[in-house]
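Protein chains: 2
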Amino acid sequence: MNETDPLVSEDQSAFPFMGEVPIMGPRCRVGVIGATGAVGSTLLKILRERVFPVGEIRVFASPASRGNWIETPFGSLMVEVLSRRRPPDLDLAFMAAGRDTARMWGWKLARRGTVVIDKSSYFRDKDYAPLVVPEVNADDLESSRGIIANPNCTTIPLVLALAPLHQHYGLRHLTAVSFQSVSGAGRRGLAALEAEHADEDAAPSAFPHRIAGNVIPWIGGRAGRRSEEELKMVLETRRILKAPRLSIQTTCVRVPTRIGHAIAVHAEFRRRIPLEEARRLLADAPGVKLRDKPSEHQYPTPLEAAGQDITLVGRVRRDRGPNCLAFFLAADNLRKGAALNAVQIAETMLLRGLIPHSL
Amino acid sequence: MNETDPLVSEDQSAFPFMGEVPIMGPRCRVGVIGATGAVGSTLLKILRERVFPVGEIRVFASPASRGNWIETPFGSLMVEVLSRRRPPDLDLAFMAAGRDTARMWGWKLARRGTVVIDKSSYFRDKDYAPLVVPEVNADDLESSRGIIANPNCTTIPLVLALAPLHQHYGLRHLTAVSFQSVSGAGRRGLAALEAEHADEDAAPSAFPHRIAGNVIPWIGGRAGRRSEEELKMVLETRRILKAPRLSIQTTCVRVPTRIGHAIAVHAEFRRRIPLEEARRLLADAPGVKLRDKPSEHQYPTPLEAAGQDITLVGRVRRDRGPNCLAFFLAADNLRKGAALNAVQIAETMLLRGLIPHSL
């Protein structure tokens, strides 16, 4: 990891509202579980940037980090370990610590009245846990029973771009090929790329093959002949777009970028989709920014998307019949792809009175 | 460029036949035009590795290199510049020097009896110049009028894998998304990646944006809303497979790998394509090697393909109906994607008596 670790470093200019906007009303007791990871530290940063009404904040991680102090935008915080005997009293828990933690702690916290927003894949296929991208299906939060699932880092930008097109023209088929950065595998992924760049003979660590100067067409565990990452993209996209039988083909590929996932999308719609109308819908879509002037070398790249909250969409074109559209998108997988989306879910729930406050 | 430049370094073990196989029969006067470039130096290496019957060899490049001596597997050679007043007498010319050189010198050499194998895109859409991947359409060489076009570096591995499937099951539609290495842009591309890795603030040179830690969804000039690279893949694949109306969607993307292009392919066929039969056809296809055991982390990667002559194919799976197939491939873009294919064209023509010898 080099010294300008973007996951931790605090850029004051990133908090334009700090000290300007008086934070009024109730505040939440917030817990961040998995706070030492890539997504966890980005969560803390974004909670502060967006002036989320934090009344009390506690950070949790695995026993290896117990008692360590970590620097956060909320000051130095001591890392705790979740204790079965003394479970924490929280209004809101962000979980970014994998499937096992989600399975063991999700309901335990929810039953105590904590609203749980989980980043792992554990709850994503559970009917009782809404799977939400606020710009697309915020209303699904109303049926929450205390646990909300945050979609996968590639699904979020994909549905952001697809939702308005699907709404107006009806998706019939979708092929999506991803270019996913190493931070999708957390700090270990970033460390592996760093180590391999520094040493040409470094043995692979976070990935089964060298990732520096390579691309790896497999992410996650196995789901038959598909990778789990590919299956997630299919199932989650169908669920969020409420299109349970939508035909989706995917290939998910790890590439040697640090932060920012990109996706090449080739989509077929039920109705004729005029190109300019598609571009207008994308430009107007919340959370989306059109970057589409190839003559000026403007198109989405992960390097440009990294650190931004919006999903860049470009290369919008037709290359089959009048019902077909291709485009390319890039988004920050740690921010909108994970932490930002979780915070936006919490903000939406606060605004709708779905989070009880005790402070 | 680091000191182990794979484009020039000579590994003796790479020439297993040297001194073993007596080279008999006629030999050719060979010229390599663009000999100082990435493809040119790979051409010289492959001619030697494969014991091509070279009787005399001359190397040509732009005036900037005139009179320089370059180290080649054939010894030190002095770089010449093509002269209109004294055009060279060659039996065989490999051109790897761009469209302008092809336009200016292609017919000039062919009219003098030289067989010209050109790597640029200039002749690829000309009916008089066969566009050939020997494993797929060697017979097209019979109609040659002295100029043969070498397909683009992504088209070659793509048609190698598709040809046997298309022959048996009839392609109906194809979506191909590429992951192309920087050496596709020649030595400049390699130098840019190297410089950007060494210096985080290095300005982009060979590409419009930084390529280190980034992916760029645009390659080459513009062809409407498509990039030229995307248009090439469509037109060349149709021509080689003799499927002039084949529906093809493509997105071509530059990624920060040094050597080796990869492609994610999603194909639809006219007939039901049994998965095991597809795997058997791919495994038996000339020039193709099946690397398809995800449980053992075996799938094609550019790093594994680099330096090899075969195209790796894996991730073979169905993910739509029974007529649909997805797979992933990787090939060395300098070897099979360019230089090796050119040498194989020359070998095929020699065997068929299509190159006149004067030595």
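Chains as they are written, first to last, in our numbering: chain X, 1 to 359; chain V, 1001 to 1359. Beta carbons are placed, not taken as given, at the ideal position from N, Cα and C, and that holds for glycine.
Next item on the list: Find the nearest neighbour of GLU71/X within the set PHE328/X, THR36/X, ILE46/X and PRO88/X, judged by alpha-carbon distance.
Entry: Residue numbering aside, residue 71/X sits at position 71 when the first sequence is read from its first letter. With distances taken between Cα atoms, GLU71/X lies closest to THR36/X.
Check: Should ARG317/X be flagged as near chain B, meaning a C-beta pair shorter than 8 angstroms?
Finding: Checking the listed chains, one finds no chain B in this structure; the protein chains it contains are X and V.
Item checked: Minimum C-alpha distance to PRO1073/V - residue among LEU1047/V, PRO1053/V and SER1083/V -> Residue mapping note: residue 1073/V aligns to position 73 of the second sequence, counting from 1. The option with the nearest alpha carbon to PRO1073/V is LEU1047/V.
Item checked: Residue-level contact to chain V via CB, THR301/X, 8 angstroms cutoff -> For the purposes of this step, residue 301/X is taken as residue 301 along the first sequence, with counting starting at 1. Taking Cβ atoms only, chain V reaches closer than 8 angstroms to THR301/X, which makes this a yes.
Notebook entry, point to check: Closer than 8 angstroms, CB to CB, is THR175/X near chain V or not?
Noted result: Walking along the first sequence from the start, residue 175/X turns up at place 175. Judged by the 8 angstroms Cβ criterion, THR175/X is in contact with chain V.
Checklist line | Identity of the residues DSSP links to HIS261/X by a beta bridge | finding: Position 261 of the first sequence holds residue 261/X. According to DSSP, which records beta bridges pairwise, HIS261/X is partnered with ALA331/X.
Next item on the list: Consult DSSP for ALA1149/V and reduce its assignment to one of helix, strand or coil.
Entry: Indexing the second sequence from 1 puts residue 1149/V at position 149. Here ALA1149/V sits in strand by DSSP.
Margin query: Does chain X have any CB closer than 8 angstroms to the CB of ARG1188/V?
Written below: Here residue 1188/V refers to the residue found at position 188 of the second sequence. No, no contact with chain X.
Margin query: Can you list, in chain order, the residues of its chain with a C-beta nearer than 8 angstroms to that of ALA1161/V? Leave out the 5 residues immediately preceding and following it.
Written below: Translated into the one-based positions of the second sequence, residue 1161/V becomes position 161. Counting only Cβ-Cβ distances below 8 angstroms, and skipping sequence neighbours, we find VAL1265, LEU1282, ALA1285, VAL1288, THR1311, VAL1313, PHE1327 and LEU1329.
Next item on the list: Buried or exposed for ALA1203/V, please, with buried defined as at least 16 other CB atoms from any protein chain shown within 10 angstroms of its CB.
Entry: In the second sequence, the residue the question calls residue 1203/V occupies position 203. With fewer than 16 Cβ atoms within 10 Å of its Cβ, ALA1203/V is classed as exposed.
Notebook entry, point to check: Quick one: what's got a C-beta closer than 6 angstroms to GLY40/X's C-beta in the same chain, skipping five residues either side?
Noted result: Walking along the first sequence from the start, residue 40/X turns up at place 40. Excluding sequence neighbours, GLY40/X sits near VAL32, GLY34 and ALA96.
Item checked: Coarse secondary structure for THR301/X, derived from DSSP in three states -> To locate residue 301/X, count along the first sequence from 1; it is residue 301. Reduced to three states, the DSSP call for THR301/X is coil.
Margin query: Measuring only the C-alpha atoms, how far is HIS1297/V from THR1101/V?
Written below: In the second sequence, counting from the first residue as 1, residue 1297/V sits at position 297. In the second sequence, counting from the first residue as 1, residue 1101/V sits at position 101. So the alpha carbons of these two residues sit roughly 44 angstroms apart.
Check: Is the Cβ of HIS266/X closer than 8 angstroms to any Cβ of chain V?
Finding: Translated into positions along the first sequence, residue 266/X becomes position 266. Yes, because at least one Cβ of chain V sits closer than 8 angstroms to the Cβ of HIS266/X.
Notebook entry, point to check: Straight-line CA distance for MET1349/V to VAL253/X?
Noted result: Here the question's residue 1349/V lines up with position 349 in the second sequence. Here the question's residue 253/X lines up with position 253 in the first sequence. Using only the alpha carbons, I get a separation of about 39 angstroms.
Margin query: At 4 residues or longer, what runs of the alpha helix (DSSP H) sit wholly inside the region 1111 to 1159 of chain V?
Written below: 1134 to 1137
Next item on the list: Can you grab the Cα-Cα spacing for the pair GLU236/X / ARG320/X, in whole Å?
Entry: As a working note, residue 236/X is residue 236 in the first sequence. As a working note, residue 320/X is residue 320 in the first sequence. Rounded to whole angstroms, GLU236/X to ARG320/X spans 26 angstroms at the Cα level.
Check: When you compare only the Cα positions, how much space is there between PRO322/X and ARG1245/V?
Finding: Taking the first sequence and counting its residues from 1, the one referred to as residue 322/X is at position 322. Taking the second sequence and counting its residues from 1, the one referred to as residue 1245/V is at position 245. Taking the straight line joining both Cα atoms gives about 16 angstroms.
Checklist line | Reference LYS1242/V, options ALA1339/V, LYS1293/V, PRO1130/V and ARG1291/V, closest by Cα | finding: The residue labelled residue 1242/V in the question sits at position 242 within the second sequence. When only C-alpha atoms are compared, the closest one is PRO1130/V.
Next item on the list: Sort ARG1315/V, ARG1258/V, ARG1352/V and GLU1277/V by Cα distance to ALA1306/V and report the nearest one.
Entry: Walking along the second sequence from the start, residue 1306/V turns up at place 306. Considering only alpha carbons, the answer is ARG1258/V.
Item checked: Whether SER1183/V touches ASN1341/V by CB criterion (8 angstroms) -> Walking along the second sequence from the start, residue 1183/V turns up at place 183. Walking along the second sequence from the start, residue 1341/V turns up at place 341. Their beta carbons are not under 8 angstroms apart, which means SER1183/V does not touch ASN1341/V by this criterion.
Next item on the list: Keeping to the same chain, check which residues put their C-beta closer than 7 angstroms to that of GLY1170/V; ignore five residues upstream and five downstream.
Entry: As a first step, residue 1170/V is located in the second sequence; it is residue number 170 there, counting from the start. So the list reads PHE1269, ARG1270 and ARG1271, once near-sequence residues are dropped.
Notebook entry, point to check: Under the rule that 16 or more other beta-carbon atoms within 10 Å means buried, what is ASP178/X, buried or exposed?
Noted result: Your numbering for residue 178/X matches position 178 in the first sequence. The identity of residue 178/X in the sequence shown is Ser, whereas the question assumes Asp. The residue in question, SER178/X, is buried, as its Cβ has 16 or more Cβ neighbours within 10 Å.
Notebook entry, point to check: Where do the N-terminal and C-terminal ends of the beta strand (DSSP E) with LYS289/X fall, by residue?
Noted result: On the first sequence, position 289 is the one that residue 289/X refers to. From DSSP, the beta strand (DSSP E) with LYS289/X extends over 288 to 290.
Notebook entry, point to check: Looking at the unbroken beta strand (DSSP E) that takes in GLU1080/V, where does it start and where does it end?
Noted result: Start at 1 with the first residue of the second sequence, and residue 1080/V comes out as number 80. Note, GLU1080/V: beta strand (DSSP E), 1075 to 1080.
Margin query: How far does the beta strand (DSSP E) with THR1175/V in it extend, from its first residue to its last?
Written below: Here residue 1175/V is taken as the residue at index 175 of the second sequence, counted from 1. Run containing THR1175/V: 1171 to 1180, per the beta strand (DSSP E) assignment.
Margin query: Beta carbons nearer than 7 angstroms to chain V: which residues of the region 199 to 220 of chain X have them?
Written below: PRO208, HIS209, ARG210, GLY213, ASN214, VAL215, ILE216, PRO217 and TRP218
Margin query: Going by beta-carbon coordinates alone, are LYS336/X and ASP309/X separated by less than 8 angstroms?
Written below: Here residue 336/X corresponds to residue number 336 of the first sequence, with the count starting at 1. Here residue 309/X corresponds to residue number 309 of the first sequence, with the count starting at 1. Contact: yes.
Item checked: Local conformation of LYS1242/V per DSSP, three classes -> To locate residue 1242/V, count along the second sequence from 1; it is residue 242. Coil.
Margin query: I'd like the list of long-range same chain contacts for CYS153/X, defined as Cβ closer than 7 angstroms, with 5 residues on each side in sequence excluded.
Written below: Taking the first sequence and counting its residues from 1, the one referred to as residue 153/X is at position 153. Only GLY184, HIS261, ASN333, GLY337 and ALA338 meet the Cβ criterion.
Next item on the list: Would you decide whether GLY142/X is buried or exposed? Buried here means 16 or more other CB atoms lie within 10 Å of its CB.
Entry: Locating residue 142/X in the first sequence gives position 142, where the first residue counts as 1. What sits at residue 142/X in the sequence shown is Glu, not Gly. Flag for GLU142/X reads exposed.
Checklist line | Cutoff 8 angstroms; reference LEU1165/V; Cβ partners in own chain excluding five residues on either side | finding: Start at 1 with the first residue of the second sequence, and residue 1165/V comes out as number 165. Hits under 8 angstroms: LEU1171, ALA1267, PHE1269, ILE1273, ALA1278, LEU1281, LEU1282 and LEU1325.
Checklist line | Which of helix, strand or coil DSSP assigns to LEU1090/V | finding: To locate residue 1090/V, count along the second sequence from 1; it is residue 90. It is coil, neither helix nor strand.
Check: How many angstroms separate the CA atom of THR114/X from the CA atom of ALA93/X?
Finding: On the first sequence, residue 114/X is found 114 positions in, with the first residue counted as 1. On the first sequence, residue 93/X is found 93 positions in, with the first residue counted as 1. Computed Cα separation, rounded: 7 angstroms.
Next item on the list: Using a Cβ-Cβ cut-off of less than 8 angstroms, list which residues of the region 1277 to 1302 of chain V approach chain X; keep chain order.
Entry: PRO1294, SER1295, HIS1297, TYR1299, PRO1300, THR1301 and PRO1302
Item checked: Bridge partner(s) assigned by DSSP for ARG1058/V -> Working through the second sequence from its first residue, we reach residue 1058/V at position 58. For ARG1058/V, which the question treats as bridged, DSSP gives the partners GLY1031/V.
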